[in-house]
Structure formats: C-alpha cells, structure tokens
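Top line first, the protein sequences correspond to chains A and B. Using this note's numbering, read the first sequence as starting at 30 and increasing by one per residue. Using this note's numbering, read the second sequence as starting at 59 and increasing by one per residue. C-beta atoms are modelled at their ideal positions from N, C-alpha and C, and glycine is treated no differently. Note that this is a predicted model, so its numbers are computed, not measured.
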Amino acid sequence: MSKQTVVEKSQEKRLEALLNQFEFLTETIDEYTLLLNKVENEVISLFETLNTNKRGRVRLTYKKALKLSSIKELKSKFNNGDGEMFNSLIVNLDIDKSVEALKYEVNVPEPIVKAFELKLKNLKELKVPKLTLERKIDDE
Amino acid sequence: MNNTNYLSISKKPYKLSYATFKGKSLTSYGEYDLDYLNYELETYNRIKYLIKTHNIDIVLTNLIDYEAQPKKEIQKLSEFQTIIKLSALKNNALYTEFRTYGWEKRLLFNRITAKQKVETVNFGYDIDLKRNQVGIANAIILGEGVAHNRLQIGSV
C-alpha cells in the first residue's frame, strides 16, 4: 500500500467533510421540496376556489411555458419550414414522448418502435457529471 | 407511414436481393452478385449505396430461426445479417427484422414455394421476375408486409 502524500491526505479530509455536507443538504432539501410542493398546490387550489390571486406576500402568477410539440407542429408555425430561421431553432428531445407519438399517432409495428427508441437513445452523446445519494442502510 | 422509405433485403446470403418502397409503393428492386473475395466489404458498400440513393429510413430483413437452419448455413446467415445491420446503423437508417412465415402462408394460400412467390409478385406488381430471382420476390413480400402493417413479430 503506497503512502499518501500530505496534499492527498488533506484532500481526503476535505472530501469527507464535503460529503457529509452534501448528504445533509440533499436529504434536507428533498424533504423540504416535497413539503413545499404540497403546500404550493394546496394554496393554488384555494386561491382559485376563493377567486383571489394575492394574500399577504404571496401572489398567484401564471408563467408561460413552451408546450411539448412535434417537429411537424413547430414547422406549421413558420411559413418556410426549410428556411434558415426554422433551421436555426435549438430543440430539446423528449425520447419517451417521441416514442409514444410514433407508437400511437403513426401506428407502426413494435420492432420499428424499438429500433426508433434505440436510435434516439444513441443520440445522447454528452456525459454530464452528477452526484446522487444512495439509500441509507441501517446497521443492526 | 406514407412518407417512409424502406429497403428490404432477402435473407439469402449469396446474393444481395433487395426491394425499396416509398410508403406502400414499390419503387425499385434488383439483385447483386456478391464477390467471394471481398464479400463483407462489397455487401456493406452495396447496402450503403442503396441507403444513400433512395434516402432509406428503415432497413428490413427476415427474422431468422437459427435452430431451423442447416448447420453449415448458420455462420453465413449470421454474418450476412450482421453486415446488413452494421451498414444500416452506420448510415443513419433504422434496422429491424421481421418474421414473414405467417404472412407468406396467407398470401400464397399455404403453398410457400419459389414458383408461387415469383408468380404472386409478378401478378401483383405487373413485373417479370424469373424463377431464379426468388430472392427479389422474398424482398418484395417482406417490404410489402411491413409497409402495409401486416407484420408484427420481429426484432431489432
């Protein structure tokens, strides 16, 4: 077993401290996010029932979001579907919804759907680093 | 799928027998003799040429039951299928295999013979295939089955 250098020892210690922080923060944020979503949904529901959109510091606003649509639907919003403006659009691909659209709207055999899904999954080329927290195993 | 281009290839590995469809319409068919010495490369390049020329979306071939094949044929069949799949995927086409046995039984009234296949295809498409061009007839039957949504059992 090779001896660790002073720098490596210090990095290990720092990593341990950060890992503890990461675990604590992730668990806390997950718990509070769940609670926040629950409270938010209930407040929105009551605001709509009571026909109000502001109480105290809390205001109900409607944010505009882009609807998920197929390339065909997007093309119909432009007069020239082969033009530079349309071709400059940057889109994010939803694989599950795309496979569903092919399966149920176009109605193709299952092997072709599977091949299509494989092709779309192979388009994912970027590797993005992400930390995940595994479930705690209680020691008996 | 009316605007989808299919390339169907017969499973027999000694010749490249193919048919192309645009939607449900047969657009071309043919056969290449494959060079014994450059077999793999020639097969790959012929399929690439067909994919690029006809803007193929999906390459189709037969789903093979290897247990029912003669032992000496298995390696050749497997090699041929692999080259088709490689050429399809490298040239941006989908690759699928379909089982045609049930469809052929229905189409040919349970008389699955080379003569019957060629006669049925000649009659249906008003073309003039010879008896020894049964590979092309197989490719047309496969492509037509997929294009008309008659085939469901398959694999990728």
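- Contact annotation, B/G212 with B/E155: C-beta distance approximately 5 Å; criterion of less than 8 Å satisfied.
- Given a length threshold of 3 residues, the stretch 42-107 of chain A has no whole run of the beta strand (DSSP E) inside it.
- In this structure the stretch 67-87 of chain A does not lie against the stretch 47-56 of chain A, because fewer than three pairs of beta carbons, one per stretch, are closer than 8 Å.
- If you ignore the 5 residues before and after B/K69, its C-beta comes within less than 8 Å of the C-beta of T119, N120, I122, L135, F138, Q139, N196, all in its own chain and listed in chain order.
- For A/G112, there is no enclosing alpha helix (DSSP H), as DSSP marks it with neither H nor E.
- The Cβ of A/K143 sits closer than 8 Å to at least one Cβ of chain B.
- The C-alpha of B/Q191 is placed about 23 Å away from the C-alpha of B/L95.
- Contact with chain B is found for A/P138, since one of that chain's Cβ atoms lies less than 8 Å from the residue's Cβ.
- Residues of the stretch 151-163 of chain B with a C-beta less than 8 Å from any C-beta of chain A: L152, Y153, T154, E155, F156, listed in chain order.
- Residue-level contact by beta carbon fails for B/S145 and chain A, as no gap is shorter than 8 Å.
- Within chain A, P140 have C-beta atoms less than 7 Å from the C-beta of B/S213, given in sequence order.
- For B/T78, the pairing in a beta bridge is given by DSSP as B/L65, B/S86.
- At the C-beta level, B/I67 and B/I142 come within 8 Å of one another.
- Taking the Cα positions, A/K165 is about 27 Å away from A/E37.
- Judged by DSSP secondary structure, B/V179 falls within the alpha helix (DSSP H) whose first and last residues are 172-183.
- Three or more Cβ pairs closer than 8 Å define a contact, and the stretch 88-105 of chain B meets that threshold against the stretch 145-154 of chain B.
- Going by beta carbons, B/K73 and B/G193 fall inside the 8 Å limit.
- Under the three-state reduction of DSSP, A/I119 is assigned to coil, being neither helix nor strand.
- Boundaries of the beta strand (DSSP E) around B/L152: 152-156.
- In this structure, A/E139 sits near B/Q210, with a CB-CB distance shorter than 8 Å.
- Taking a beta-carbon distance threshold of 8 Å, A/V135 counts as an interface residue toward chain B.
- Among the residues facing chain A, B/L187 is not included, as its CB has no counterpart in that chain under 8 Å away.
- Not a single CB atom of chain A sits nearer than 8 Å to the CB of B/N61.
- Within chain A, the residues I141 have their CB atoms less than 7 Å from the CB of B/I116, given in chain order.
- Here DSSP, grouped into helix, strand and coil, assigns B/N120 to strand.
- Straight through space, the alpha carbons of A/T62 and A/R88 are spaced by roughly 19 Å.
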